[in-house]
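*Asks:* First residue of the sequence shown: 20, per our numbering; consecutive thereafter. Think of the CB as a built atom: it goes at the ideal place given N, C-alpha and C, for glycine as much as any other residue.
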Amino acid sequence: MLEGPESPRSVYTSLSCSPPMLDPGTQSILHSFLSERDQERALFSQLTQQTIATRGFIDPGEVLADEDDEVPPMLNVDDYRVAFGEDWQLSQFWYSTAFATRLAQSIRSITRPSDNIAFLCCPTAFVAFQHEYSSKNARLLEFDKRFSVLDPKRFIPYDESLRGTVDVAVVDPPFLNEVTNKNLATTLRQILNPKRGKLVMITSTSVENVLDEVYSQPPLGALRRAVLEVEHGQLANDFACWGSWDGAERFGSLDELDLTLS
Numbered sequence: 020m021l022e023g024p025e026s027p028r029s030v031y032t033s034l035s036c037s038p039p040m041l042d043p044g045t046q047s048i049l050h051s052f053l054s055e056r057d058q059e060r061a062l063f064s065q066l067t068q069q070t071i072a073t074r075g076f077i078d079p080g081e082v083l084a085d086e087d088d089e090v091p092p093m094l095n096v097d098d099y100r101v102a103f104g105e106d107w108q109l110s111q112f113w114y115s116t117a118f119a120t121r122l123a124q125s126i127r128s129i130t131r132p133s134d135n136i137a138f139l140c141c142p143t144a145f146v147a148f149q150h151e152y153s154s155k156n157a158r159l160l161e162f163d164k165r166f167s168v169l170d171p172k173r174f175i176p177y178d179e180s181l182r183g184t185v186d187v188a189v190v191d192p193p194f195l196n197e198v199t200n201k202n203l204a205t206t207l208r209q210i211l212n213p214k215r216g217k218l219v220m221i222t223s224t225s226v227e228n229v230l231d232e233v234y235s236q237p238p239l240g241a242l243r244r245a246v247l248e249v250e251h252g253q254l255a256n257d258f259a260c261w262g263s264w265d266g267a268e269r270f271g272s273l274d275e276l277d278l279t280l281s
């Protein structure tokens with residue numbers, strides 16, 4: 020009787036019984052990621068509870084701020100960067116603390132305490148400005164509702180009363196294309212004061228030709244490239260800053276800041 024070949028047999032070793040293991044380098048990266056995520060969640064939860072305790076729970080923009088409202092203390096940019104993770108699907112990339120602070124100082128140098136300031140798609144700039152100056156007239160216009168915990172009365176989904184009242188608008192378009200800029204320009208024409216409104220634009224130099232076309236008429240333009248150097252995290256594109264007023268080329272210069280803030 021012929022015998023067939025032996026059936027293959029499983030060979031058990033000490034390695035077969037061990038669970039799969041990550042190499043030390045990968046384990047370190049994973050541990051760091053999980054630690055940062057836990058820290059982000061804890062700080063965001065703490066911030067939410069503080070907002071509820073001090074302001075009461077309201078839907079963002081439901082009750083708008085008025086002149087008698089006390090401005091709650093704003094967290095610093097470092098804590099903001101921890102509490103609010105960047106949502107890359109929304110093209111969110113936060114400014115460095117140093118740049119956000121200098122931007123806040125530069126904005127302060129072109130405004131008066133009574134000026135209405137709108138921050139569109141640039142929450143880091145809003146946080147830095149409010150942390151430094153606690154303006155009653157600053158507003159954050161954003162799509163991401165997480166930012167309502169920063170100050171529910173100053174987070175604005177939509178407010179008809181802003182039409183024609185904004186003295187300075189600070190904008191960082193989330194996407195680098197013509198469509199996004201045209202949509203932002205439509206909003207800016209509605210909210211900027213037609214006579215004295217100023218636009219601060221922060222975006223990639225790759226769309227400079229789009230800026231020339233979309234922001235060509237007052238109060239949106241013509242735009243002048245400012246000396247302020249932009250520090251935008253985790254982006255390969257070169258970024259710059261533009262302003263819509265005469266003399267905007269000097270926006271962010273150290274000489275201008277020294278004269279204004281001294």
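(1) Alpha carbons only, please: which of Ala144, Ser180, Arg215, Glu268 is nearest the one belonging to Arg131?
(2) Counting only runs of 4+ residues fully inside the segment 143-216, write out the alpha helix (DSSP H) ranges in chain order.
(3) Just to confirm before moving on: does the CB-CB distance between Leu138 and Leu122 stay below 8 Å?
(4) Measuring CB atoms only, is the segment 142-153 touching the segment 88-98, in the sense that at least three cross pairs come out at less than 8 Å?
(5) Go ahead and pull the three-state DSSP assignment for Ile129.
(6) Quick check on Pro237: does DSSP put it in helix, strand or coil?
(7) Roughly how many angstroms separate the alpha carbons of Arg158 and Phe145, rounded to a whole number?
(8) Does the separation of the CB atoms of Leu247 and Gly271 fall below 8 Å?
(9) Assuming Ile129 contacts Lys217 (C-beta within less than 8 Å), just tell me the rounded distance between them.
(10) Do Leu207 and Leu239 have their C-beta atoms closer together than 8 Å?
(11) Note down the Cα distance separating Glu250 from Phe258, rounded to an integer number of angstroms.
(12) Return helix, strand or coil for Ala137, following the three-state DSSP convention.
*Replies:* A quick look at the data gives this:
(1) Of the candidates Ala144, Ser180, Arg215, Glu268, the one whose C-alpha sits nearest the C-alpha of Arg131 is Arg215.
(2) Counting only runs of 4 or more, we get 197-210.
(3) Residue 138 is actually Phe in this sequence, not Leu. No, they are not a contact pair.
(4) They touch, by the three-pair rule.
(5) Ile129: coil per DSSP, three-state reduction.
(6) Pro237 carries a coil assignment under DSSP once its states are collapsed to helix, strand and coil.
(7) Straight-line measurement puts the Cα of Phe145 at about 8 Å from the Cα of Arg158.
(8) Here Leu247 is near Gly271, since their CB atoms are less than 8 Å apart.
(9) Correct: roughly 6 Å between the Cβ atoms.
(10) Result yes, Cβ atoms of Leu207 and Leu239 sit closer than 8 Å.
(11) For Glu250 and Phe258, the distance between alpha carbons rounds to 8 Å.
(12) In the displayed model, Ala137 falls within a strand according to three-state DSSP.
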